[in-house]
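In my numbering, the protein residues as written are 1 to 116.
Right, here's the structure in full:
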(Lines of atoms letter the chains of each structure in order from A and count residues from 1; the text may use other names and numbers.)
(Lines give C-alpha, C1' and ligand atoms only; values in the text may rest on other atoms or scores of the structure.)
Protein backbone atom coordinates (compact mmCIF):
# COMPACT_ATOMS: atom_id res chain seq x y z
CA UNK A 1 0.00 0.00 0.00
CA UNK A 2 2.83 2.39 0.83
CA UNK A 3 4.51 1.54 -2.48
CA UNK A 4 1.32 2.29 -4.42
CA UNK A 5 1.01 5.67 -2.73
CA UNK A 6 4.68 6.41 -3.33
CA UNK A 7 4.29 5.49 -7.00
CA UNK A 8 1.21 7.71 -7.25
CA UNK A 9 3.06 10.62 -5.59
CA UNK A 10 6.04 10.19 -7.90
CA UNK A 11 3.77 10.11 -10.95
CA UNK A 12 2.05 13.30 -9.81
CA UNK A 13 5.42 14.94 -9.10
CA UNK A 14 6.65 13.94 -12.53
CA UNK A 15 3.54 15.43 -14.14
CA UNK A 16 3.98 18.62 -12.09
CA UNK A 17 7.63 18.93 -13.13
CA UNK A 18 6.73 18.34 -16.79
CA UNK A 19 3.98 20.98 -16.57
CA UNK A 20 6.34 23.42 -14.88
CA UNK A 21 8.97 22.96 -17.58
CA UNK A 22 6.43 23.45 -20.36
CA UNK A 23 5.09 26.60 -18.70
CA UNK A 24 8.63 27.90 -18.13
CA UNK A 25 9.45 27.35 -21.80
CA UNK A 26 6.31 29.22 -22.88
CA UNK A 27 7.13 32.05 -20.46
CA UNK A 28 10.65 32.35 -21.82
CA UNK A 29 9.34 32.42 -25.39
CA UNK A 30 6.94 35.23 -24.48
CA UNK A 31 9.69 37.10 -22.63
CA UNK A 32 12.03 36.86 -25.63
CA UNK A 33 9.25 38.01 -27.97
CA UNK A 34 8.46 40.96 -25.71
CA UNK A 35 12.11 42.03 -25.48
CA UNK A 36 12.64 41.68 -29.22
CA UNK A 37 9.54 43.72 -30.02
CA UNK A 38 10.52 46.44 -27.55
CA UNK A 39 13.97 46.53 -29.12
CA UNK A 40 12.51 46.67 -32.62
CA UNK A 41 10.08 49.47 -31.78
CA UNK A 42 12.76 51.41 -29.90
CA UNK A 43 15.17 50.98 -32.81
CA UNK A 44 12.54 52.11 -35.29
CA UNK A 45 11.76 55.24 -33.26
CA UNK A 46 15.45 56.00 -32.82
CA UNK A 47 16.07 55.46 -36.52
CA UNK A 48 13.25 57.76 -37.59
CA UNK A 49 14.30 60.52 -35.20
CA UNK A 50 17.92 60.11 -36.29
CA UNK A 51 16.96 60.32 -39.95
CA UNK A 52 15.05 63.53 -39.32
CA UNK A 53 17.95 64.96 -37.33
CA UNK A 54 20.40 64.08 -40.12
CA UNK A 55 18.28 65.86 -42.72
CA UNK A 56 17.91 68.87 -40.45
CA UNK A 57 21.63 68.95 -39.74
CA UNK A 58 22.45 68.58 -43.44
CA UNK A 59 20.35 71.52 -44.54
CA UNK A 60 21.38 73.61 -41.57
CA UNK A 61 25.04 72.92 -42.37
CA UNK A 62 24.60 73.96 -45.97
CA UNK A 63 22.85 77.15 -44.86
CA UNK A 64 25.57 78.02 -42.35
CA UNK A 65 28.29 77.24 -44.88
CA UNK A 66 26.67 79.45 -47.50
CA UNK A 67 26.22 82.26 -44.95
CA UNK A 68 29.90 81.98 -44.01
CA UNK A 69 30.88 81.96 -47.68
CA UNK A 70 28.98 85.19 -48.21
CA UNK A 71 30.34 86.81 -45.04
CA UNK A 72 33.96 85.83 -45.76
CA UNK A 73 33.79 86.41 -49.54
CA UNK A 74 35.31 82.99 -50.05
CA UNK A 75 33.21 80.20 -51.45
CA UNK A 76 35.48 77.43 -50.13
CA UNK A 77 36.32 78.86 -46.72
CA UNK A 78 32.76 78.62 -45.37
CA UNK A 79 32.46 74.93 -46.26
CA UNK A 80 35.94 74.22 -44.88
CA UNK A 81 34.99 75.86 -41.58
CA UNK A 82 31.78 73.83 -41.30
CA UNK A 83 33.70 70.65 -42.16
CA UNK A 84 36.34 71.50 -39.57
CA UNK A 85 33.63 71.99 -36.97
CA UNK A 86 32.30 68.49 -37.69
CA UNK A 87 35.81 67.03 -37.50
CA UNK A 88 36.23 68.68 -34.09
CA UNK A 89 32.89 67.32 -32.87
CA UNK A 90 33.84 63.84 -34.12
CA UNK A 91 37.16 63.94 -32.25
CA UNK A 92 35.43 65.02 -29.02
CA UNK A 93 32.87 62.24 -29.34
CA UNK A 94 35.62 59.71 -30.01
CA UNK A 95 37.54 60.85 -26.94
CA UNK A 96 34.49 60.48 -24.67
CA UNK A 97 33.05 57.34 -26.32
CA UNK A 98 33.49 55.20 -23.18
CA UNK A 99 31.25 57.53 -21.17
CA UNK A 100 28.39 56.73 -23.55
CA UNK A 101 28.51 52.99 -22.75
CA UNK A 102 26.93 53.30 -19.30
CA UNK A 103 23.76 55.15 -20.34
CA UNK A 104 23.29 52.89 -23.36
CA UNK A 105 23.64 49.74 -21.23
CA UNK A 106 21.21 51.12 -18.65
CA UNK A 107 18.65 51.93 -21.35
CA UNK A 108 18.74 48.46 -22.86
CA UNK A 109 18.80 46.74 -19.48
CA UNK A 110 15.59 48.57 -18.52
CA UNK A 111 14.03 47.26 -21.73
CA UNK A 112 14.90 43.70 -20.75
CA UNK A 113 14.54 43.61 -16.97
CA UNK A 114 11.75 46.09 -16.17
CA UNK A 115 8.22 44.83 -16.43
CA UNK A 116 5.65 47.44 -17.54
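The beta-carbon is built from N, C-alpha and C at its ideal position, and this holds for glycine as well.
Quick one: what does DSSP say residue 50 is sitting in, helix, strand or coil? helix
Cβ distance (whole Å) where residue 47 is taken to contact residue 65 below 8 Å: Actually they are not in contact, since the Cβ atoms of residue 47 and residue 65 sit about 26 Å apart, beyond 8 Å.
Which runs of the alpha helix (DSSP H) spanning at least 4 residues fall entirely within the region 40 to 111, listed in chain order? 75 to 95
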